[in-house]
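If you're matching positions, the sequence shown starts at 840 in my numbering and goes up one per residue. Think of the CB as a built atom: it goes at the ideal place given N, C-alpha and C, for glycine as much as any other residue. Remember, predicted model here, so these are calculated numbers, not experimental data.
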Amino acid sequence: MIDIHCHILHGIDDGAKNVEDSITMAKEAAKEGIHTIIATPHLNNHYDNRKVEIIEKVKELNQNLQAANINVKILPGQEPRIFGEILADFEKGDIQTLNDSQYLFVEFPSSHVPRYTEKLLFDLQVKGLTPIIVHPERNAELIERPDVLYNLVEKGALTQVTASSLCGYFGKKIKNFSIQLIENNLTHFIASDAHNVINRSFKMEEAFEFIESKFGTDYVYLFKENAELLIDGKSIMREIPTSIKKKKKFLFF
Ligand code: FE
């Protein structure tokens, strides 16, 4: 299994603090059957992780994992918070796509979706990049107005739901919204977004057990296959998205 979203690089964001943490996380990942992890450190107002340093850190961690005899491979990635100059920074060489593919993570603020998002995601696609919106299920505006997400997916954006959201670790509302995203073909990847092994662990095995019981093995295959296609820079499988219908409130007299 491949995990495309993980804060396993140490000392550069709110994920692993030191090399021991990184190794502990890799061991936990291996236990769940994960053999490849894309390291996706934050790029936002708090953490300034740019491509060159990420590549260096990935190389170093792979050496440490090899030395510790852990069979997990780390690939370079990044989790940039959406900002107006992302394309300019990409051209400067500061942005690290997922394993150097055309796929690029984009994180929204947790409370809302900036107004310029649609235009920016369009501009990225014009440049040949495919934006992947990370954890849309945890965005307050998207929970209230799922059609905002439908519109972005319809226009070519992809999305990644977090394994632990689907398992209910972020509460019932986020779990239910995650389920609706799968039901409506509004998500394309399941990933851990693991930060540690204590309260933000992988939960990939648990999520896929849940997906299998609720949606069947086809969906397990779809999500696992998409992660493989992504790291190879190939086109992923996507079904036609549908709009999430809000449940009607019935009034009884
Ligand atoms: Fe993350």
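Residue i Cβ short of 7 Å to the ligand FE heavy atom set
i     : result
H918  : The displayed chain sequence assigns Glu, not His, to residue 918. Indeed, a heavy atom of the ligand FE lies less than 7 Å from the Cβ.
V945  : no
D1057 : no
H849  : no
H951  : no
T969  : no
T879  : yes
D860  : no
H1027 : no
H846  : yes
D887  : no
N973  : A small fix is needed here, since residue 973 is Val in this sequence, not Asn. Yes; taking the cut-off as 7 Å, the Cβ of V973 has a heavy atom of the ligand FE nearer than that.
D1032 : yes
Identified DSSP bridge partners for residue i
i     : result
A799  : No statement about residue 799 is possible, as the shown extent of the chain runs from 840 to 1092 and does not include it.
Y942  : T969
V1000 : I1029
R920  : E946
Whole-angstrom C-beta distance between residue j and residue i, which should lie under 8 Å
i     : j     : result
G967  : Q941  : 6 Å
L848  : A868  : Actually they do not touch by this definition, with Cβ atoms about 13 Å apart.
H1159 : E993  : Missing from the structure shown is residue 1159; the chain here goes from 840 to 1092 and no further.
K1053 : Y1008 : About 16 Å separates the two Cβ atoms, so there is no contact after all.
I862  : A907  : 6 Å
I971  : F944  : 5 Å
I876  : D842  : 5 Å
Secondary structure of residue i, DSSP reduced to three states
i     : result
E957  : helix
D1032 : coil
T1056 : helix
D887  : strand
I909  : coil
K866  : helix
P975  : helix
Q902  : helix
Q935  : coil
N1023 : coil
E871  : coil
K1012 : helix
I1079 : coil
A855  : coil
V952  : coil
I893  : helix
M1043 : helix
N990  : helix
S1017 : helix
S1074 : coil
I1037 : coil
K1063 : helix
Within-8 Å CB hit, residue i to chain D
i     : result
D1071 : This model lacks chain D altogether, as it is built from one protein chain only.
Contact test: residue i Cβ vs the ligand FAD heavy atom, cutoff 7 Å
i    : result
P919 : This structure lacks the ligand FAD; the ligands present are the ligand FE.
**Request:** Report yes or no: do three or more beta-carbon pairs, one from the region 882-896 and one from the region 916-924, lie closer than 8 Å?
**Result:** Using a Cβ-Cβ distance cut-off of 8 Å, the region 882-896 and the region 916-924 are in contact, since at least three pairs of beta carbons, one from each stretch, lie closer than that value.
**Asked** Are at least three pairs of beta-carbons, each pair with one atom in the region 894-911 and one in the region 854-873, less than 8 Å apart?
**Response** Yes, the region 894-911 is in contact with the region 854-873.
**Asked** So does the region 999-1006 actually touch the region 1018-1030, counting three or more Cβ pairs closer than 8 Å?
**Response** Touching, per the Cβ criterion.
**Asked** Is the number of C-beta pairs between the region 1053-1063 and the region 1014-1028 that are closer than 8 Å three or more?
**Response** In short, these stretches touch, since the Cβ pair count reaches three.
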